[in-house]
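Read in this note's numbering, the sequence shown has 188 at position 181, and its numbers run on one by one without any break. Glycine included, C-beta positions come from ideal geometry on N, C-alpha and C. This structure is a prediction, so every number in the text was calculated from the model and none was measured. For reference, the structure is listed below as structure tokens.
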Amino acid sequence: METVETLHMNKGVDETSYAMNSFLQRKIILLTNQATKKAIVEILCSTKRWPIMKMGIADLGCSSGPNALSVISEIVEAINETSSMMNQTAPKELMLYMNDLFTNDFNNIFASLPSFHKKLRQDMGYNNHDNHNGSNCFVSAVPGTFYGRLFPTKSLHFVHSSSSLHWLSQVSLFSKHLISIFCSYMHHVKK
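Structure below.
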């Protein structure tokens with residue numbers, strides 16, 4: 008049996024589920040938030056054609072629980088803030104692709120979508136009477152491993168992965184340096 012077929016997180020929201028035991032992953036997301044926002048700014052600033060009609064965004068290894076949509080929320084917020092700062096209209100449609108292994112609890116993510124859209128409506132100034140589903144965001148699940156092809160050609164503008172070092176088939180010198188930094192940080196956090 009292949010590794011991808013056997014690995015999975017505990018589903019649901021009970022005490023032993025991934026949703027209730029993903030503090031470390033949340034910490035990583037928070038630590039990398041500024042780098043993510045900077046990358047979004049660079050992408051939008053380098054865009055020569057406004058308005059942007061569609062923008063494809065993927066979160067590889069999105070998992071489930073509260074962290075899954077928090078990354079996407081931060082990315083959408085960065086896109087809207089940057090567009091506004093540049094006096095440009097935000098992209099008309101955001102295609103948000105949530106990727107993880109086939110065994111991921113995507114139902115947990117989908118159950119969180121109404122509150123995700125409600126928060127986006129509030130953040131973007133839409134009231135509940137507007138004929139708007141929560142913004143211009145269309146969320147899809149893309150189960151599979153990123154060792155194979157997941158997306159059509161030219162469908163993505165930004166790809167995010169919070170913690171994927173453990174999936175590398177080989178460790179490069181650069182990666183060894185990153186791992187040592189991460190391990191040093193984790194040692195510091197435990198103190």
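Item	Value
Evaluate contact between the region 77–88 and the region 107–121, counting only Cβ atoms and requiring at least three cross-stretch pairs below 8 Å.	no
Can you tell me which of E100, L163, T110 and K126 puts its alpha carbon nearest to the alpha carbon of P150?	T110
May I ask you to list the residues that DSSP assigns as paired with G63?	M102
Assuming S80 and K126 are in contact, meaning their beta carbons sit under 8 Å apart, how far apart are those beta carbons, in whole angstroms?	7 Å
What does A148 pair with, by DSSP beta-bridge criteria?	M105
Specify, as a first and last residue, the run of the beta strand (DSSP E) that F117 falls within.	Here F117 belongs to no beta strand (DSSP E); instead the alpha helix (DSSP H) covers F113 to M131.
Report the rounded CA-to-CA distance for A97 versus A42, giving the unit in angstroms.	20 Å
Candidates H167, A148 and M93: which alpha carbon is nearest D112's?	A148
Given a threshold of 16 other Cβ atoms within 10 Å of its Cβ, counted over all protein chains shown, does S70 qualify as buried or as exposed?	buried
Can you give me the C-alpha to C-alpha distance between H124 and I82, rounded to a whole angstrom?	14 Å
Please go through the same chain and pick out, in chain order, the residues whose beta-carbon is closer than 6 Å to the beta-carbon of F153, but skip the five residues on each side of it.	L67
Go ahead and label L38 buried or exposed: buried means 16 or more other beta carbons lie within 10 angstroms of its beta carbon, across all protein chains shown.	exposed
Around the Cβ of M60, are there at least 16 other Cβ atoms within 10 angstroms (buried) or fewer (exposed)?	exposed
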